[in-house]
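In the numbering used here, the protein residues as written are 432 to 892.
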């Protein structure tokens, strides 16, 4: 038995509002931002429903959500009208698709990964471009048109792709994590909310839009700096734990925070294919979504634009009470200004607990930040491994060009009994010591070094 899907604006073309601007009256970047605003208003009126299937399991009727609905709010330049296209996306997303994405070695290979969905609104064709989550999922949308084909004695009608529409906003169903954990379908649906978002799309490629995103991040960092305080002579200023005579907000360079805000959202394959293009893509997404940019980004236990985990976030909230970081993780991790303040604190904490790097950091805070950034990504073992590798190879972190290894050897200690385990067992502690390869952090740091170069070339205002 299937639940019924209700659709608002089903198959309806919405005319442009009286305030609609033309692409010729303003810059392309301004035009895109205006259209996103219009699309947001259109999308906000759309109702979404999940598809629910009831099955009998061990004699008991059990409900399952099998599809979640998405609405694309797309614009036709030809007819100057809005189109709302509903999609039913398989829920949950199949393991086959997510596994395919994980193991894909190139963007071209990833194109072979098939996302399961169906177009609910007739008259349109879609082409899945990327992703499946709120901040990643993008489509190309086309109006269908009918053409006549002459075949000897008769005329045949064929439906083909017509005009390509521009999707300026997407509306998603968002299921509450606590409700999902409880597993009650009725409660999941009752607590579901709708989220409007616009991931970056090739249709939005524009240099000015990336500049707007960069300026937006700078403005946010200035707000955070003023909130934390920059003058230690004032009582409300949050002091650095690493250098207690200085303000926390004056310790960490803006470039480092900007780099993290970009790196945490970078697609590795896209980055390897086109470094500058991927960085600009993330800046455009900040320009388009502003305070909500990457708020709904999730990977494993990490959430939000700076990808904090609950444990690390709570630790920083308690460790830096003067910073007044929002104590509720679900709210705070998704707030850009709040989580930037948390990132300032976490980087400072990492420096404070690694005294060997403090003289290096004082000489050059941008390059010296390589160590706390390694810690940010892989924890203290990662920053220690970086330090050991540099020391072993007699490489200064201040060197202009550093080629990092593909992996760091991370020391792991495991308490015994461990006779069947591989590794060296120490006689004094009865613990097993072995090393594991960390391939993620070197790549993360390579991105950081590239971002320093990129931001130096594209000067901060």
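Glycine included, every Cβ here is placed at the ideal spot set by N, Cα and C.
With a cut-off of 8 Å on Cβ pairs, the region 665-675 is not in contact with the region 647-656, counting fewer than three such pairs. Of the residues assessed, residue 748 falls on the buried side of the cut-off, its CB having 16 or more other CB atoms within 10 angstroms.
DSSP lists no beta-bridge partner residue for residue 702. The alpha helix (DSSP H) runs of length 4 or more contained entirely in the region 743-769 are, from start to end of the chain, 760-763. In its chain, beyond the 5 residues on either side, 499, 501 and 548 have a beta carbon closer than 6 Å to the beta carbon of residue 520. About 6 Å separates the Cβ atoms of residue 700 and residue 541, confirming a contact at the 8 Å cut-off.
In this structure residue 522 does not touch residue 566 by the C-beta definition: roughly 17 Å separates them, more than the 8 Å allowed. In the three-state DSSP reduction, residue 544 falls in the coil class, being neither helix nor strand.
Residue 482 and residue 494 do not touch by the CB rule: their CB atoms are close to 11 Å apart, not below 8 Å.
Assignment of residue 549 by DSSP, reduced to helix, strand and coil, places it in the strand class.
Counting C-beta pairs with one atom in each stretch, the region 630-649 and the region 576-591 have fewer than three that are closer than 8 Å, which means they do not touch. Three or more Cβ pairs closer than 8 Å define a contact, and the region 864-875 meets that threshold against the region 794-813.
Between residue 506 and residue 599, the C-beta gap is smaller than 7 Å, which places the two residues in contact.
By the C-beta density criterion, residue 866 is exposed, having fewer than 16 other C-beta atoms within 10 angstroms. The secondary-structure analysis by DSSP pairs residue 874 with nothing; it has no beta-bridge partner.
Residue environment: residue 638 is assigned as exposed (fewer than 16 neighbouring CB atoms within 10 Å of its CB, all protein chains considered). DSSP places residue 888 in the helix class (H, G or I) of the three-state scheme. If the five residues before and after residue 475 are omitted, its C-beta is found closer than 7 Å to the C-beta atoms of 627, all from its own chain and listed in chain order. For residue 477 and residue 828, the gap between their C-alpha atoms comes out near 53 Å. Judged by DSSP secondary structure, residue 571 falls within the beta strand (DSSP E) whose first and last residues are 569-582.
With contact defined as three or more Cβ pairs closer than 8 Å, the region 724-743 and the region 767-779 are in contact. Per DSSP, the continuous alpha helix (DSSP H) segment holding residue 685 begins and ends at 685-694. About 24 Å separates the beta carbon of residue 551 from that of residue 578, a gap too long to meet the 8 Å contact definition.
With fewer than 16 other CB atoms across the displayed protein chains lying within 10 angstroms of its CB, residue 731 is exposed.
For residue 555, the enclosing beta strand (DSSP E) covers residues 555-561.
Spatial neighbours of residue 464 in its own chain (CB-CB distance under 8 Å, excluding positions within 5 residues in sequence) are listed in chain order as 640, 643, 718 and 719. The beta carbon of residue 460 lies closer than 7 Å to those of 637, 639, 640 and 643 in the same chain, with the five residues before and after it left out. Annotated three-state conformation of residue 514 is strand, per DSSP. The continuous beta strand (DSSP E) containing residue 590 extends over residues 585-605. Secondary structure of residue 486 (DSSP, three-state): strand.
Counting along the chain, residue 632 sits inside no alpha helix (DSSP H), nor does DSSP assign it H or E at all. In this structure, DSSP gives residue 674 a state outside helix and strand, which the three-state scheme calls coil.
Just measuring C-alpha positions, the residue of 559, 479 and 574 sitting nearest residue 509 is 574. Nearest neighbour of residue 878 by Cα position, chosen from 689, 815 and 746, turns out to be 689. In this chain, the beta strand (DSSP E) harbouring residue 501 covers 491-507. Residue 660 sits buried, since 16 or more C-beta atoms from the chains shown fall within 10 Å of its C-beta.
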